[in-house]
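Position one of the sequence shown corresponds to residue 1058 (the numbering used here), numbered consecutively onward.
What follows is a short report on a single structure.
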Amino acid sequence: MVGLADVGVIHKIIKFISCEMKFNINAMSIEAKEGIFEGNVKIFVLDRDELEELLNHLKALSGIEKVDRYDT
């Protein structure tokens, strides 16, 4: 995930994943440099539909520029 390193953007991501989507975050790493953050969030989803819903909602959050899926 890549986006603008604005105040509260990480909180917004965590709140959305945990509170609205009701997913547990298994691991998370975030690094910010020169106003841009890059991060990885590890989440277990049951099926592809849940994954697509999560990715689409994350992409729609303000300040988020790019969201990709990685298999682990």
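Built from N, CA and C at the ideal position, the CB exists for glycine as well.
Only a predicted model underlies this, so the values are computations on that prediction, with no experimental measurement involved.
Host beta strand (DSSP E) of residue i (start-end)
i, result
"L1103", "Counting along the chain, L1103 falls outside any beta strand (DSSP E), and DSSP gives it neither H nor E."
"I1087", "1082-1090"
"V1059", "1059-1061"
Distance between residue j and residue i (C-alpha atoms, nearest Å)
i, j, result
"I1082", "F1073", "11 Å"
"M1078", "D1104", "14 Å"
"E1088", "V1066", "13 Å"
"E1122", "C1076", "22 Å"
"G1060", "I1070", "11 Å"
"S1119", "L1112", "14 Å"
"F1094", "F1101", "23 Å"
Check: residue i C-beta below 7 Å from any heavy atom of the ligand ATP
i, result
"N1097", "This structure lacks the ligand ATP; in fact it carries no ligand of any kind."
Residue of the options minimising C-alpha distance to residue i
i, options, result
"Y1127", "L1108, A1062, L1118, S1119", "L1108"
"G1092", "V1064, V1124, K1123", "V1064"
Extent of the continuous alpha helix (DSSP H) to which residue i belongs
i, result
"V1124", "Here V1124 belongs to no alpha helix (DSSP H), and DSSP marks it neither H nor E."
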